[in-house]
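Quick note: the sequence shown uses this note's numbering, first residue 4, plus one each step. We put the beta carbon where it would ideally sit given N, CA and C, even for glycine. Below is one structure, written out as C-alpha cells; comments come after it.
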Amino acid sequence: MTQQITVTEHLLLHQTQIPGATGRFTHLFNELVLSAKIISREVNKAGLVDVLGFTGEINVQGEEVKKLDEYANRILIHRMARSGVLCAMASEENADIIDIPHGLPQGGYIIIFDPLDGSSNIDVNVNIGTIFSIHRRLSKEGTPVQSSDVLQAGTEQVAAGYILYGSSTMLVFTTGDGVHGFTLDPGVGEFLLSHPNLKIPESGKIYSINEGYWPYWNEATRKVVKYFKSEDNINGKPYSLRYIGSLVADFHRNLIYGGVFMYPADHRDPKKPRGKLRLMCEASPMAMLVEQAGGMATDGTKRILDIVPDDLHQRVPLFIGSKREVEIIREIYESCEE
C-alpha cells in the first residue's frame with residue numbers, strides 16, 4: 004500500500020535505478036526529514052512557547068526576522084551541516100554562502116533553502132513552509148567552494164521540494180523523476196507516501212496574486228489580470244481569486260487543483276525592481292517541481308529554470324502553475340513587448 008512507504012524507502016528504491024548511486028543523497032535527505040520533523044513540532048506548538056513575534060533583527064533582505072523563522076534557520080543549518088555530504092549551504096536569511104564548520108565531514112552537494120516561507124503569516128496560524136533546492140558542486144571535492152558551485156541555473160538542480168506545515172505536515176519533492184508527496188504521520192513519526200506521481204491539471208480555474216499592488220504594475224501585468232477576471236478567456240467566465248500570501252501554500256493548492264500563481268515585478272520598492280521572490284531558494288525549486296508535474300514557470304517570458312543567477316539573493320518575477328495559463332501569460336507579455 005502506498006501509504007506505508009516512507010521517504011527513505013522511496014529514495015532507496017529509486018537509488019537502485021541510478022548507476023553509481025552511493026546512498027549519500029539518501030543520507031542528506033534523512034537529515035532534511037529530521038529537520039522538518041523538528042520544525043513541524045515547534046510550528047504546531049508555536050502559540051504555547053515563546054516562538055511567535057519578532058526577534059528585533061533585520062535579515063539580509065531588509066525584513067524583520069520572526070522568532071520561528073530564525074529557529075527554523077538554525078535547525079536547518081545545524082542538522083544539514085552534520086549530514087556529511089554537503090560542501091556548502093545558502094539560506095534566504097544569511098547574506099553569504101554558509102561554510103561547513105571545520106572538523107565536520109564534507110561531500111559534493113550544496114543545499115539552498117528558505118527556512119520558513121510565508122513567515123508574515125506565522126502569528127495568525129496560516130500555512131507556512133520550508134523550500135529547498137539541492138545541487139552538485141562543479142569544482143573538485145576537497146578544494147574551496149567557488150561561487151560558481153552555488154550560482155547554478157535551475158536546470159542543474161538534482162532535487163527540489165518543500166515542506167508544508169498546515170493541518171498536516173507534508174513533504175513534496177522531486178529528484179527529476181516525477182513529483183511525490185509524503186504526509187507526516189504523527190503516530191509513527193514518519194513521512195508516508197500519500198500523493199504519488201503528482202500531476203498539475205493542464206488548465207485550472209484559480210489565479211493567485213496580490214491585487215492590492217495593481218497601481219504598481221506595468222501594462223502587461225494588468226492585461227494578464229484583466230484576462231483572468233473577464234468572461235473573455237478560455238473558461239468563458241472569470242477565474243476564482245485565491246491568495247494566501249504564502250508561496251508554499253498557494254503553490255500547493257494550485258498543484259492539486261490547477262491554476263496559476265503570480266508575483267510580478269512592480270515599482271513599489273526601487274530596491275526590488277525585478278520582483279520580490281528569490282530565484283535560488285524560491286522560484287527555481289518551485290519551477291523544477293511544477294515542470295516535473297507537467298506545469299510551467301516563467302518570469303513572464305523566460306523559463307525560470309534557464310536563468311543563470313549572478314547573485315545569491317537575486318530576485319525574479321514569477322508566473323507558475325498550469326501549463327495552459329502560463330502559456331497565455333507569456334503570450335500577453337510578448338505581445339506587449341512588440
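Distance from the CA atom of C90 to the CA atom of Y165, rounded to whole angstroms, is 21 Å. Annotation: I41 to E222 spans about 45 Å, alpha carbon to alpha carbon. Per DSSP, reduced to three states, the secondary structure at H30 is helical. Between P320 and A268, the C-beta gap is smaller than 8 Å, which places the two residues in contact. Between the beta-carbon of E205 and that of G262 there is about 11 Å, and that puts the pair past the 8 Å contact cut. Bounds of any alpha helix (DSSP H) do not take in T178, whose DSSP letter is neither H nor E.
In the structure shown, I131 falls within a strand segment according to DSSP collapsed to helix, strand and coil. Between I114 and M92, the gap from beta carbon to beta carbon is short of 8 Å.
Proximity to T158 across R245, P147, Q295 and N128 peaks at Q295, based on C-alpha coordinates. The three-state reading of DSSP puts I8 in coil, since its state is none of H, G, I, E or B.
When the beta-carbon positions are compared, Y260 and L280 stay at least 8 Å from each other. If you compare the alpha carbons of E340, G278 and I134 with that of P288, the shortest gap goes to I134. The C-alpha of G297 is placed about 20 Å away from the C-alpha of H17. Proximity to V127 across G215, K275 and N47 peaks at N47, based on C-alpha coordinates.
Cβ-Cβ distances below 8 Å link H13 to H183, F185 and L196 in the same chain, with the five nearest sequence neighbours on each side left out; the list follows chain order. Y336: member of the alpha helix (DSSP H) spanning K326 to E340, first to last residue.
Setting aside the 5 residues that flank it on each side, G248 is surrounded in the same chain by G121, S123, N124, V129 and N213, each with a C-beta closer than 8 Å to its C-beta; the list follows chain order. Note on geometry: alpha-carbon atoms of R139 and P273 lie some 34 Å from one another. Between V175 and L187 a beta carbon distance of about 12 Å is seen, past the 8 Å cut, so the two are scored as non-contacting. DSSP places I113 in the uninterrupted beta strand (DSSP E) bounded by Y112 to D120.
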